[in-house]
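Please read the structure below before turning to the comments.
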Amino acid sequence: ETIQEKDWKYKLLGAIWIGVSTFSFASGNSYSLKVSGNQELQELIKPQKVEFHSLNFNNTLHWQPGRAATGDIIYFVQYKVYGQSQWKNKEECWGIREVFCDLTHQTSEIREPYYGRVKSLSAGVHSDWNTSSRFTPWRETKIGPPSVNVTPGNKSIKLKLQAPNSPYARRRGSKIPMTNYYDLLYRVFLINNMLNEKTKILAYEGTDKVVKIEDLKPEVSYCVVVATYLPVLDRSSVYSSKKCTVPL
Ligand SMILES: *[C@@H]1O[C@H](CO)[C@@H](O)[C@H](O)[C@H]1NC(C)=O
Ligand SMILES: *[C@@H]1O[C@H](CO)[C@@H](O)[C@H](O)[C@H]1NC(C)=O
Ligand SMILES: *[C@@H]1O[C@H](CO)[C@@H](O)[C@H](O)[C@H]1NC(C)=O
Numbered sequence: 001e002t003i004q005e006k007d008w009k010y011k012l013l014g015a016i017w018i019g020v021s022t023f024s025f026a027s028g029n030s031y032s033l034k035v036s037g038n039q040e041l042q043e044l045i046k047p048q049k050v051e052f053h054s055l056n057f058n059n060t061l062h063w064q065p066g067r068a069a070t071g072d073i074i075y076f077v078q079y080k081v082y083g084q085s086q087w088k089n090k091e092e093c094w095g096i097r098e099v100f101c102d103l104t105h106q107t108s109e110i111r112e113p114y115y116g117r118v119k120s121l122s123a124g125v126h127s128d129w130n131t132s133s134r135f136t137p138w139r140e141t142k143i144g145p146p147s148v149n150v151t152p153g154n155k156s157i158k159l160k161l162q163a164p165n166s167p168y169a170r171r172r173g174s175k176i177p178m179t180n181y182y183d184l185l186y187r188v189f190l191i192n193n194m195l196n197e198k199t200k201i202l203a204y205e206g207t208d209k210v211v212k213i214e215d216l217k218p219e220v221s222y223c224v225v226v227a228t229y230l231p232v233l234d235r236s237s238v239y240s241s242k243k244c245t246v247p248l
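Residue numbers (full-length UniProt numbering): 1 to 248.
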């Protein structure tokens, strides 16, 4: 071999080597770009803040759209009891546009811990699932205030209180009240309109459904608000709407 021939051979081998490595580099690169582009979109449309909202055992899963969620996004919801391996589809929330899903009837064993999860589909791309934290209805539901009816009495006012209902029905169809699930107390607060509106005086605390508040001034307007209190969880409801009347 002449020196020239040798030189040419090395040049050729070098060119082939560069060619092969360029090809593999380029194809590897475009492959990873495609995957990471998809992964990024999957992450950007992933539902956020997946959490249960629960009032009187009405248990609804809520979430927020991912940052890049567009108009044509739809959601899929599953749920399971803690400890089970199998997720179940919530048929009514399979391919929905709403950002909430009523799981009341799927979470009715109120002392069991549940999970819910959501994924989205947008422009042909599925996000990963995002899962709520563990949710135990009995421990976490917010209780509502009672419904309140006031009538005037002789220097007194009479209240009729009714506990909020759960969503669960008896066989005959009537709703089971929350008193079925908790020992709850009513807290009746008196607002004397003569005083500062903000002054609430605890006038009664107990389990009675009919409460009489006596020793009031006649022909003065009195208002009451009532809250439900759960001693076992040390948790109070919001106040009922204000009800007013004038003792005789
Ligand atoms: C959902 O996913 C994101 C990350 O993609 C995370 O920041 C968030 O905390 C997750 N969990 C819930 C319950 O939304
Ligand atoms: C109202 O109560 C007073 C005693 O506090 C009593 O003397 C009076 O008869 C009562 N009036 C009515 C209408 O019940
Ligand atoms: C739960 O509450 C929502 C909103 O108030 C209501 O539309 C829905 O019917 C309730 N679910 C049940 C099972 O009662």
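Built from N, CA and C at the ideal position, the CB exists for glycine as well.
Values in this document were obtained by computation on a predicted structure and should not be read as measured data.
Can you look up residue i in the DSSP assignment and give me helix, strand or coil?
| i | result |
| --- | --- |
| S27 | With a pLDDT of only 45 at S27, under the threshold of 50, the placement of this residue in the model should not be trusted; the figure read from the coordinates follows. Helix, per DSSP. |
| L161 | strand |
| R235 | strand |
| L184 | coil |
| L44 | helix |
| T104 | helix |
| T179 | helix |
| N59 | strand |
| V20 | Any reading at V20 is ruled out, since the residue's pLDDT is 42, under 50, leaving its predicted position unreliable. |
Out of the options, which one is the CA nearest neighbour of residue i?
| i | options | result |
| --- | --- | --- |
| K88 | E140, I73 and G116 | G116 |
| Q78 | N56, Q106 and V224 | Q106 |
| V81 | P152, P137 and T228 | P137 |
| I191 | A163, L216 and S147 | L216 |
| G83 | E43, H53, F135 and Q42 | F135 |
| F52 | D128, P231, F189 and V99 | V99 |
| V220 | T179, V148 and G153 | G153 |
| W129 | Q39, T228 and P47 | P47 |
| C101 | S85, H62, A69 and I143 | H62 |
| Q42 | H126, V238 and S54 | H126 |
| F189 | K142, P146, P231 and E112 | P146 |
| T228 | E205, K242, K243 and S174 | E205 |
| K200 | S133, K242 and V148 | K242 |
| A203 | R187, V210 and R67 | R187 |
| A163 | Y239, K198 and N38 | Y239 |
Using C-beta distances below 8 Å, list every residue in its chain close to residue i, excluding the 5 sequence neighbours before and after it, in chain order.
| i | result |
| --- | --- |
| D72 | S122 and A123 |
| S30 | Residue confidence for S30 is low, a pLDDT of 41 falling below 50, so the modelled location carries little weight; the figure read from the coordinates is stated next. None. |
| Y181 | F57, I110, W138 and S166 |
| K155 | E214, D215, L216, K217, P218, P247 and L248 |
| I157 | V150, T151, K212, I213, L216, Y222, V224, T245 and P247 |
| E140 | F52 and S54 |
| A169 | K175 and I176 |
| S120 | I45, K46, P47, P65, G66, A69, I73, I74, Y75, F76, H126 and S127 |
Suppose the cutoff is 7 Å on Cβ atoms and the five residues either side in sequence are ignored; what does the same chain contact list for residue i look like?
| i | result |
| --- | --- |
| T131 | V50, Y115 and R117 |
| L59 | In the sequence under discussion, the amino acid at residue 59 is Asn, which differs from the Leu named in the question. So the qualifying residues of the chain are F52, L103, T104, T107 and P137. |
| R97 | I74 |
| K90 | V77, Q78, Y79, C101, L103 and Q106 |
| L185 | E205, G206, T207, Y229 and P231 |
| L161 | P146, V148, Y186, K209, V211 and V226 |
Taking 6 Å as the limit between beta carbons, can you name the residues of its chain near residue i, skipping five residues before and five after?
| i | result |
| --- | --- |
| W94 | F76 |
| R235 | none |
| E92 | none |
Would the beta-carbon of residue i be found less than 8 Å away from any heavy atom of ligand 5?
| i | result |
| --- | --- |
| G71 | In the structure shown, ligand 5 is absent; the only ligands present are ligand 1, ligand 2 and ligand 3. |
**Study point:** Test item, CB below 6 Å from any non-hydrogen atom of ligand 1
**Key:** Going by the Cβ distance cut-off, the answer is E43, K46, Q48, K49, V50, N130 and S132.
Query raised in the report: In chain order, which alpha helix (DSSP H) runs of at least 4 residues are fully inside the region 131–175?
Result: 137–140
*Can you list, in chain order, the stretches of the beta strand (DSSP E) that have 3 or more residues and sit fully within the region 62–100?*
Whole beta strand (DSSP E) segments, 3+ residues: 74–81 and 88–96.
Query raised in the report: Can you list every residue whose CB sits closer than 7 Å to some heavy atom of ligand 3, going in chain order?
Result: With the cut-off at 7 Å, the residues found are N58, T60, D102, T104, H105 and P167.
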